[in-house]
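Q: Please read through the structure below; I'll follow up with questions.
Protein chains in written order, with the numbering used here: chain Y, 167 to 486; chain G, 8 to 296.
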């Protein structure tokens, strides 16, 4: 059925029922304003707290701004400094962010899909319980759960990880996990993966469960032999929209859990910048050094990274 | 249904499902351990918190840690009830208003034709990627320009527009047949009446999902307490619990921190258990094209 606007719909009605002409025409006119009225509250808040901050970040990234004096325009200097002067960014922050994002993003995403697919092969009762278990760490967004991990990885011999490793004979001295530059990023990745089975995971689970069964039957007739072929040729192609939604959620989750390093180690910057991610770097410059212009340039870079990741996922999963 | 090929969504247990259990259960144990641990740790008496080698399970559960937590909060000048009140007020306002504004917007974006509709929805879809901490500084500036720092508005307003919530609601409303709305229009129903009497009752699962997502976001949020408030008695439970977590070096503190995590976690868990079937129903319409 072709899409028609309100006036069009009204016209159709008028043909069916001429006496209603006046009232319907009037209604159609009045109705035309209501969509904007209904949208207004959401859009106003959306503009104020999402769109305007993004635009402000872009503007401030071209200025020198210390929150007290007016921002003054300095062109691309912040970006040039970022690329040429900021050794910490190039040496620690960028490599950490890339490593963290690649493992937690695609890694967490593939894991979420595998778990969702396996869950879909089970009966309803056990599936619901297991899905709840997988989803529950993400409810607290990881950060509130930092306490568990600080206790488990606490740096003395009474810490759980140390105790187990010492009893098994892997180490003789307790390791100070959360201050040790060798372990911080690794622990952050484990915690982030642990809490990454969120909304995207649920969407993909629903996606696998909703694949049309007749497709599988048709596939069997066409010579699909095993579960793996079924997965590649039928399941994934028929749930592409959910796959894309899951991918976008995975990207967002990856960058939103970036604060976890500071939570675990209890300091920003993290010891020796070993767990420093771009979001921590933004906070460091913005709220500790009060170089808001530079911090804004970092924000813009982060937004660009997220955008590029999302574009790639869209290429992979878009229909057509 | 003579041809049984796919095992997806089986009705009965079969031996062939065992391999999936073998794959899934180790993951389930890994995911569950920290949560089980928190439940145990929160009820441990002092000597078990100190125990060496450390024990995972609690042997003689007590409420000591809960009592300590309440006393600590009271001795710091601001009673725990104040943080709880702040959190409840903020969280319920966010859940309520986020659902109202998003259902209103979702209805017109799905069922009405007007200029700019597709552009607006596309922008909202792009904003699914929005990570608030990326633009933490401009958000801070926006709040101070609006002059709402240190008020409840600073907690509530910045979180109300949630692109994911609007997206899920709009996708769900798309499922409602247009004929239903056309019939109501012919009967002379106003847009607001259609929204109230037709749309809202039909999208209960999506509303439940929106509510649970808004709840999780608001209940756990630290950003507004840290950045948009300055006085201690305007801060939320999440903030207070987080300051406790920062002091976990002391063993006594560990017990209290575990209680704090438990208090933050349990409401989320209970809500999700109650609403999980509605959430799954909504998620099947979550596709992004």
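Each residue gets a CB set at the ideal place from its N, CA and C atoms; glycine is no exception.
Provide the residue(s) that pair with residue 238(Y) in DSSP beta bridges, ordered along the chain.
A: 230(Y)
Q: Using only the alpha-carbon positions, how far apart do residue 228(Y) and residue 467(Y) sit?
A: Going by the C-alpha atoms only, they are around 13 Å apart.
Q: Name the residue from 209(Y), 333(Y), 311(Y) whose alpha carbon lies nearest to the alpha carbon of residue 116(G).
A: 209(Y)
Q: Give a yes or no on whether 8 Å exceeds the smallest Cβ distance from residue 93(G) to chain Y.
A: no
Q: Can you list the residues of chain Y that residue 187(G) reaches, using a CB-CB cut of under 7 Å?
A: None at all; the shortest Cβ gap to chain Y is about 14 Å.
Q: Mapping DSSP to helix, strand and coil, what is residue 289(Y)?
A: In the three-state reduction of the DSSP assignment, residue 289(Y) falls in the coil class.
Q: Please classify residue 162(G): is it buried, with 16 or more other beta-carbons within 10 angstroms of its beta-carbon, or exposed?
A: buried
Q: Please go through the region 205-234 of chain G and give each complete beta strand (DSSP E) segment of 3 or more residues, from N-terminal end onward.
A: Positions of the beta strand (DSSP E) runs, each at least 3 residues long and wholly inside the region 205-234 of chain G, cannot be given because no such run exists.
Q: Evaluate contact between the region 222-237 of chain G and the region 176-184 of chain G, counting only Cβ atoms and requiring at least three cross-stretch pairs below 8 Å.
A: no
Q: Kindly indicate which residue of 206(Y), 215(Y), 199(Y), 231(Y) has the alpha-carbon position closest to the one of residue 456(Y).
A: 231(Y)
Q: Going by beta carbon distance, what residues of the same chain come within less than 7 Å of residue 205(G), once the five residues before and after it are set aside?
A: If we look at residue 205(G) and ignore the five residues flanking it on each side, its Cβ neighbours are 187, 188, 191.
Q: Measuring CA to CA, which of 300(Y), 469(Y), 254(Y), 281(Y) is closest to residue 42(G)?
A: 300(Y)
Q: Quick one: does the C-beta of residue 131(G) sit closer than 7 Å to a heavy atom of the ligand SAM?
A: You won't find the ligand SAM in this model; it holds no ligand whatsoever.
Q: Jot down the residue ranges of each uninterrupted alpha helix (DSSP H) in the region 387-413 of chain Y, minimum 4 residues, whole runs only, in chain order.
A: Listed in chain order, they are 393-396.
Q: Rounded to whole angstroms, what is the Cα-Cα separation between residue 167(Y) and residue 483(Y)?
A: Residue confidence is low: residue 167(Y) scores 40 on pLDDT, short of 50, so the model does not pin down where it sits. No coordinate-derived value is stated.
Q: Is it buried or exposed, residue 170(Y), if we count other Cβ atoms within 10 angstroms and call 16 or more buried?
A: Interpretation of residue 170(Y) is limited by its pLDDT of 45, a score under 50 that renders its predicted location unreliable; the figure taken from the coordinates is listed afterwards. When all chains shown are included, residue 170(Y) counts as exposed.
Q: How about residue 215(Y) and residue 146(G): do their beta carbons lie closer than 8 Å?
A: yes
Q: What does residue 270(Y) reach in chain G if we use C-beta pairs closer than 7 Å?
A: Those within 7 Å of residue 270(Y) in chain G number zero; the least Cβ separation is about 14 Å.
Q: Using DSSP with H/G/I as helix, E/B as strand and the rest coil, what is residue 138(G)?
A: In this structure, residue 138(G) counts as coil in the three-state DSSP scheme.
Q: Whole angstroms is fine: what's the gap from residue 366(Y)'s alpha carbon to residue 274(Y)'s?
A: If you draw a straight line from the Cα of residue 366(Y) to the Cα of residue 274(Y), it comes to about 10 Å.
Q: Please check the pair residue 359(Y) and residue 270(Y), which I expect to be a contact at CB under 8 Å, by giving their CB distance rounded to whole angstroms.
A: 6 Å
Q: Just checking, does the region 245-261 of chain Y make contact with the region 343-358 of chain Y on the three C-beta pairs under 8 Å criterion?
A: Segments in contact, no.
Q: Is it buried or exposed for residue 333(Y), if we count other Cβ within 10 angstroms and need 16 for buried?
A: Per the 10 Å Cβ criterion, exposed.
Q: Can you tell me whether residue 66(G) is buried or exposed, with buried defined as 16 or more other CB within 10 angstroms of its CB?
A: exposed
Q: What in chain Y is Cβ-close to residue 135(G), meaning under 9 Å?
A: 411, 414, 415, 418, 476
Q: Pick helix, strand or coil for residue 66(G), following the three-state DSSP scheme.
A: coil
Q: For a minimum of 4 consecutive residues, which ranges assigned as the alpha helix (DSSP H) are wholly contained in the region 14-73 of chain G?
A: 25-49, 53-57
Q: Whose Cβ in chain G lies nearer than 8 Å to the Cβ of residue 300(Y)?
A: 34, 35, 38
Q: Please state whether DSSP places residue 431(Y) in a helix, a strand or coil.
A: helix
Q: Against chain Y, which members of the region 108-120 of chain G pass a CB distance test of less than 7 Å?
A: 108, 109, 111, 112, 114, 115, 119, 120
Q: Please report how far the alpha carbon of residue 442(Y) lies from the alpha carbon of residue 424(Y), in whole angstroms.
A: 9 Å
Q: Taking a contact to mean a Cβ-Cβ separation below 8 Å, would you say residue 213(G) touches residue 176(G) in this structure?
A: yes
Q: Please specify which runs of the beta strand (DSSP E), each continuous and at least 3 residues long, are wholly inside the region 275-356 of chain Y, giving them in chain order.
A: If we require 3 residues or more, the region 275-356 of chain Y turns out to have no beta strand (DSSP E) run fully inside it.
Q: Determine, using beta carbons only, whether residue 408(Y) and residue 364(Y) come nearer to each other than 8 Å.
A: no
Q: Compare the C-alpha of residue 72(G) against each of 15(G), 267(G), 286(G) and name the closest.
A: 267(G)
Q: What does a CB cutoff of less than 8 Å around residue 222(Y) pick up in its chain, not counting 5 residues either side in sequence?
A: 462
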